[in-house]
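Enquirer: One structure, as structure tokens, below. Some questions next.
Chains as they are written, first to last, in my numbering: chain A, 6 to 180; chain B, 2 to 144.
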């Protein structure tokens, strides 16, 4: 078999290193404090506060919102353009399936228990403009899912990969 | 072998099979579809080559290619060729998805790029084949 050079594939960006470093820094600072014992009065409580943070929104919360928004946008467009419904509704259902999985993963209230997200603004009356807007949303959604996948811990990354891939296929299906 | 090397070795065997399958697919297609099949095959070859280099420089074992692979169904015409192309892309995508949890950094980026690319290609083949829906909710997820 002939070995050729590795072919450049995909992106090579990293963006989560900074947050990883700062997290390590915090852990180290925490360890130092523990070593120092209780001798020093803990005037600066900022570090201690970080040891038991108040419940933060899950990092995937924006992605969950986005899934709901994308679904709502597709449903609104399907209502405005019934001839596109057969094409759009399966895509909306996929986003809803993603939302259900993301809600389960993040412990958020399940999609069925919350009111359906409302799309921002009504879809364009022109058919091709409506499709173009949907493509724009899917493209942005694909990019945010790719970023989330790159930054996620191992146990979440497969689902996020599928979400990114699904959004990419939606973009294709809307062409 | 590390978990990551195992997942990549599995992806390599999937790429071998994909490249092999595009042989019978390509001959049943014509025009732009045949061209698309050639491009798909080239993408699988590129990933195969990169994987062989990566696995051998990492000191891991490189699984060998086989002389032939069993097709899931006979490919006798354009319709069955397109159906096989859909399956090839979806199955290969699944191997790259499986590599995601055991990879980090640039390796994870590459696995994700492969998953996304093959999922999109499966959708294109579904359109050519006239299959609906054009998409699946969770590309690469087993079952």
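A virtual CB, placed ideally from N, CA and C, is assigned to each residue, including glycine.
#1: Which same chain residues end up closer than 7 Å to residue 46 of chain B when comparing Cβ atoms and leaving out the 5 residues on each side of it in sequence?
#2: Hey, is the region 161-175 of chain A in contact with the region 86-106 of chain A, meaning 3+ C-beta pairs nearer than 8 Å?
#3: What's the call for residue 155 of chain A, buried or exposed, on a 16-neighbour Cβ count within 10 Å?
#4: Taking Cβ positions only, does residue 105 of chain A come closer than 7 Å to chain B?
#5: Taking 6 Å as the limit between beta carbons, can you name the residues of its chain near residue 161 of chain A, skipping five residues before and five after?
#6: As a quick exercise: from B/72, B/82, B/78 and B/97, pick the residue whose alpha carbon is nearest that of residue 48 of chain B.
#7: Is there a Cβ of chain A sitting closer than 7 Å to that of residue 141 of chain B, yes or no?
#8: Is any heavy atom in the ligand COA found nearer than 6 Å to the beta carbon of residue 127 of chain A?
#9: Do you know offhand how far residue 128 of chain A's Cα is from residue 172 of chain A's?
#10: Closer than 7 Å by beta-carbon distance: list the chain B residues that pair up with residue 96 of chain A, in chain order.
#11: If we call anything under 7 Å between Cβ atoms a contact, is residue 12 of chain B one with residue 100 of chain B?
#12: Whose Cβ in chain B lies nearer than 9 Å to the Cβ of residue 86 of chain A?
#13: DSSP state of residue 100 of chain A, grouped into three classes?
#14: Mind checking whether residue 124 of chain B and residue 84 of chain A have CB atoms under 7 Å apart?
#15: With DSSP as the reference, label residue 102 of chain B as helix, strand or coil.
#16: Report buried or exposed for residue 110 of chain B, applying the criterion of at least 16 other Cβ atoms within 10 angstroms of its Cβ.
#17: Comparing the C-beta of residue 22 of chain B with each C-beta of chain A, is any distance below 7 Å?
#18: Using a Cβ-Cβ distance cut-off of 7 Å, determine whether residue 100 of chain B contacts chain A.
#19: By Cβ distance, which residues of its chain are closer than 8 Å to residue 68 of chain A, with the 5 residues on each side in sequence left out?
#20: Can you give me the C-alpha to C-alpha distance between residue 109 of chain A and residue 63 of chain A, rounded to a whole angstrom?
#21: Any beta carbon of chain B sitting closer than 7 Å to that of residue 177 of chain A?
#22: For residue 71 of chain B, tell me which candidate among B/3, B/116, B/126 and B/17 has the shortest Cα-Cα distance.
#23: Roughly how many angstroms separate the alpha carbons of residue 143 of chain B and residue 83 of chain B, rounded to a whole number?
#24: Kindly indicate which residue of A/65, A/93 and A/61 has the alpha-carbon position closest to the one of residue 137 of chain A.
#25: Let me make sure I understand the geometry here. Which of B/80, B/102, B/89 and B/139 has the alpha-carbon closest to that of residue 132 of chain B?
#26: Can you confirm whether residue 169 of chain A, when its beta carbon is compared against all beta carbons of chain B, has any partner nearer than 7 Å?
#27: Taking the straight line between their C-alpha atoms, what separation do you get for residue 15 of chain B and residue 33 of chain B?
#28: Give the straight-line distance between the Cα atoms of residue 52 of chain B and residue 74 of chain A, rounded to the nearest whole angstrom.
Expert: Reading from the atomic positions:
#1: Counting from one through the second chain, the residue named residue 46 of chain B turns up at place 45. When the five nearest sequence neighbours on each side are left out, the beta carbons in the same chain lying within less than 7 Å of the beta carbon of residue 46 of chain B are those of 20, in order along the chain.
#2: Result yes; three or more Cβ-Cβ pairs closer than 8 Å.
#3: Taking the first chain and counting its residues from 1, the one referred to as residue 155 of chain A is at position 150. By the 10 Å Cβ count, residue 155 of chain A comes out buried.
#4: Your numbering for residue 105 of chain A matches position 100 in the first chain. It does not: the Cβ of residue 105 of chain A has no partner Cβ on chain B nearer than 7 Å.
#5: The count along the first chain starts at 1 and reaches residue 161 of chain A at position 156. The answer is none, since no qualifying residue turns up.
#6: Translated into the one-based positions of the second chain, residue 48 of chain B becomes position 47. Closest by alpha carbon: B/97.
#7: Taking the first residue of the second chain as 1, we reach residue 141 of chain B at position 140. Contacts with chain A at 7 Å (Cβ-Cβ) include residue 141 of chain B.
#8: Absence of the ligand COA is noted for the structure shown, with no ligands found whatsoever.
#9: As a position in the first chain, residue 128 of chain A is number 123, starting the count at 1. As a position in the first chain, residue 172 of chain A is number 167, starting the count at 1. Taking the straight line joining both Cα atoms gives about 19 Å.
#10: Residue 96 of chain A sits at position 91 when you count from the first residue of the first chain. Under the 7 Å cutoff, chain B gives 136.
#11: Numbered from its first residue, the second chain carries residue 12 of chain B at position 11. Numbered from its first residue, the second chain carries residue 100 of chain B at position 99. The answer is yes: Cβ separation under 7 Å.
#12: Locating residue 86 of chain A in the first chain gives position 81, where the first residue counts as 1. Chain B residues near residue 86 of chain A: none, gap ~17 Å exceeds 9 Å.
#13: By 1-based counting over the first chain, the position of residue 100 of chain A is 95. Residue state, collapsed to three classes: helix.
#14: On the second chain, residue 124 of chain B is found 123 positions in, with the first residue counted as 1. On the first chain, residue 84 of chain A is found 79 positions in, with the first residue counted as 1. In this structure, residue 124 of chain B keeps its C-beta atom at 7 Å or more from the C-beta atom of residue 84 of chain A.
#15: As a first step, residue 102 of chain B is located in the second chain; it is residue number 101 there, counting from the start. Three-state result, residue 102 of chain B: helix.
#16: Here residue 110 of chain B is taken as the residue at index 109 of the second chain, counted from 1. Taking every protein chain shown into account, the CB of residue 110 of chain B has 16 or more other CB atoms within 10 angstroms, so this residue is buried.
#17: As a position in the second chain, residue 22 of chain B is number 21, starting the count at 1. Cβ-Cβ to chain A under 7 Å: no for residue 22 of chain B.
#18: Taking the first residue of the second chain as 1, we reach residue 100 of chain B at position 99. Closer than 7 Å: no.
#19: In the first chain, the residue the question calls residue 68 of chain A occupies position 63. For residue 68 of chain A, where only same-chain residues beyond five positions count, the Cβ hits under 8 Å are 107, 149, 150, 153, 165 and 168.
#20: For this step, residue 109 of chain A is matched to residue 104 along the first chain. For this step, residue 63 of chain A is matched to residue 58 along the first chain. When rounded, the distance between both Cα atoms is 12 Å.
#21: One-based indexing of the first chain puts residue 177 of chain A at position 172. Among the CB atoms of chain B, one or more fall inside 7 Å of the CB of residue 177 of chain A.
#22: Your numbering for residue 71 of chain B matches position 70 in the second chain. Minimum Cα-Cα distance from residue 71 of chain B among the listed residues B/3, B/116, B/126 and B/17 corresponds to B/17.
#23: Here residue 143 of chain B is taken as the residue at index 142 of the second chain, counted from 1. Here residue 83 of chain B is taken as the residue at index 82 of the second chain, counted from 1. Taking the CA atoms as reference points, residue 143 of chain B sits about 21 Å from residue 83 of chain B.
#24: Walking along the first chain from the start, residue 137 of chain A turns up at place 132. Checked all of A/65, A/93 and A/61; the closest Cα to residue 137 of chain A is A/93.
#25: Here residue 132 of chain B refers to the residue found at position 131 when the second chain is read from its first residue. With distances taken between Cα atoms, residue 132 of chain B lies closest to B/80.
#26: Taking the first residue of the first chain as 1, we reach residue 169 of chain A at position 164. Chain B places a beta carbon closer than 7 Å to that of residue 169 of chain A, counting this residue as a contact.
#27: Stepping through the second chain from its first residue, residue 15 of chain B is reached at position 14. Stepping through the second chain from its first residue, residue 33 of chain B is reached at position 32. Each residue's alpha carbon lies about 25 Å from the other.
#28: The residue given as residue 52 of chain B occupies position 51 in the second chain. The residue given as residue 74 of chain A occupies position 69 in the first chain. In this structure, the alpha-carbon of residue 52 of chain B lies about 38 Å from that of residue 74 of chain A.
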